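Below: the structure, in structure tokens.
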Amino acid sequence: MRWTHTTGAKLACAYLWTLTRIFSLLFSSLLSVNRSIPMLSNSPKKLVWSLIWWTGLLVAGFYAAYHFGYIQTLIPFKPFVLITVGFIAAVFIYTLIAHVFRATPGLDRERHAFMVYRDHMNRDDIDATHKVAELFAGKVFKDGLEKTAVATFVARMVGSKQKNARYPIQLGAFSGHLASGLSRAVAPIAQYGSLLVKFGLLGTFLGVAVGLQSIDLSSVNGADIEAGLRVIATVLTSVGVAVLTSLVGMFGNIILLQFHGRYEREIESLADDIEAITLTDFEPIVNDDARMAEVEAILKSES
Numbered sequence: 079m080r081w082t083h084t085t086g087a088k089l090a091c092a093y094l095w096t097l098t099r100i101f102s103l104l105f106s107s108l109l110s111v112n113r114s115i116p117m118l119s120n121s122p123k124k125l126v127w128s129l130i131w132w133t134g135l136l137v138a139g140f141y142a143a144y145h146f147g148y149i150q151t152l153i154p155f156k157p158f159v160l161i162t163v164g165f166i167a168a169v170f171i172y173t174l175i176a177h178v179f180r181a182t183p184g185l186d187r188e189r190h191a192f193m194v195y196r197d198h199m200n201r202d203d204i205d206a207t208h209k210v211a212e213l214f215a216g217k218v219f220k221d222g223l224e225k226t227a228v229a230t231f232v233a234r235m236v237g238s239k240q241k242n243a244r245y246p247i248q249l250g251a252f253s254g255h256l257a258s259g260l261s262r263a264v265a266p267i268a269q270y271g272s273l274l275v276k277f278g279l280l281g282t283f284l285g286v287a288v289g290l291q292s293i294d295l296s297s298v299n300g301a302d303i304e305a306g307l308r309v310i311a312t313v314l315t316s317v318g319v320a321v322l323t324s325l326v327g328m329f330g331n332i333i334l335l336q337f338h339g340r341y342e343r344e345i346e347s348l349a350d351d352i353e354a355i356t357l358t359d360f361e362p363i364v365n366d367d368a369r370m371a372e373v374e375a376i377l378k379s380e381s
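Here's what the structure looks like:
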């Protein structure tokens, strides 16, 4: 197979189309598995076209940087490498904008909801029974905090007690829902990080395949050792260039995992604080039949 600019352009377009189709299928599967994850409710078609646009923009930037001599030592001028690296960079940028940068405001809202919950349970102007009664009446979480994982966690316990008044509340039965609710905003970061590695490996395999197709074995005649060595050198060069895409994907994954790990540590600490207050101030009241009778009396008097 003889390599020409026309052939390279056709293969590059076909390769970019294949990548976008694969990403569309993966994205659609994520969308069908869990539609509650923030930013996964976007249209897959819009996301794919935006990734195509960003990939083209990044590839053009890489080409310009290569032309002016800035990245020759980092990224070789190979169409597959430029497109794959550009595509991985586009997915990486999307993850930063759509999930990493939006995770902090989401966690801040959860912290705010926790502080409202903590301050309410530490109030000195009313007794513990009235504090729990206000939680049952839904008067604590307001101004949009009703949709936070903290408020949902409390609402689950309240709903469980209202449906099964005879059964005691066990914190362990609700801890999993609390952890999953708090982690919902940061879960896509790890998911897209793993996609970067997969796309890098895909670029490596396809790059090696294309590199092998471009080798002209007819130049090796009999015992021509030099020609054989040139072929081997070409193969090794193709493999080395193709491996670069895997390295880029792994590097992006490492960065995203750092963000994900930091957020997960913050979530674990927040969940521990929420469970501690629930265990000491909420659970003893709702599991005491006499005090729950007082709570029901308060709710009836207010209604």
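Going by my numbering, the first residue of the sequence shown is number 79, and it counts up by one from there. Glycine is no exception: its CB is placed at the ideal position from the N, C-alpha and C atoms. All figures in this text were calculated on a predicted structure; none of them were measured in a lab.
Helix, strand or coil at residue i [DSSP, three-state]
{"i": "A363", "result": "Before going further, note that residue 363 is Ile rather than Ala in the sequence given. Three-state result, I363: helix."}
{"i": "R113", "result": "Only weak support is given to the placement of R113: the predicted model assigns it a pLDDT of 41, under 50, and the question is left unresolved by the model."}
{"i": "G330", "result": "helix"}
{"i": "R201", "result": "coil"}
{"i": "Q248", "result": "coil"}
{"i": "G222", "result": "coil"}
{"i": "S381", "result": "coil"}
{"i": "K217", "result": "coil"}
{"i": "V286", "result": "helix"}
{"i": "R343", "result": "helix"}
{"i": "R262", "result": "coil"}
Short Cβ contact (8 angstroms threshold) for residue i with residue j
{"i": "L260", "j": "A349", "result": "yes"}
{"i": "F219", "j": "M235", "result": "no"}
{"i": "A257", "j": "G184", "result": "no"}
{"i": "G281", "j": "A233", "result": "no"}
{"i": "H255", "j": "F231", "result": "yes"}
{"i": "G278", "j": "S324", "result": "yes"}
{"i": "T162", "j": "L249", "result": "no"}
{"i": "F158", "j": "G285", "result": "yes"}
{"i": "A229", "j": "A181", "result": "no"}
{"i": "V210", "j": "V373", "result": "yes"}
{"i": "V275", "j": "M328", "result": "yes"}
Residue i: first and last residue of the uninterrupted alpha helix (DSSP H) it sits in
{"i": "H208", "result": "A206 to F214"}
{"i": "K241", "result": "A227 to K241"}
With 16 other Cβ atoms within 10 Å as the buried cut-off, status of residue i
{"i": "L160", "result": "buried"}
{"i": "I204", "result": "exposed"}
{"i": "F283", "result": "exposed"}
{"i": "Y270", "result": "buried"}
{"i": "G339", "result": "exposed"}
{"i": "T358", "result": "exposed"}
{"i": "P246", "result": "exposed"}
{"i": "L377", "result": "exposed"}
{"i": "E380", "result": "exposed"}
{"i": "A227", "result": "buried"}
{"i": "A268", "result": "buried"}
{"i": "A265", "result": "buried"}
Short CB-CB distance (under 8 angstroms) between residue i and chain C
{"i": "I204", "result": "Note that chain C does not occur in the displayed structure, where there is just one protein chain."}
Next item on the list: Examine the Cβ distances between the region 329-340 and the region 170-178 and report whether three or more of them are shorter than 8 angstroms.
Entry: yes
Next item on the list: Report yes or no: do the region 209-216 and the region 230-248 share at least 3 C-beta pairs separated by less than 8 angstroms?
Entry: yes
Item checked: Three or more C-beta pairs below 8 angstroms linking the region 165-173 and the region 192-206 -> no
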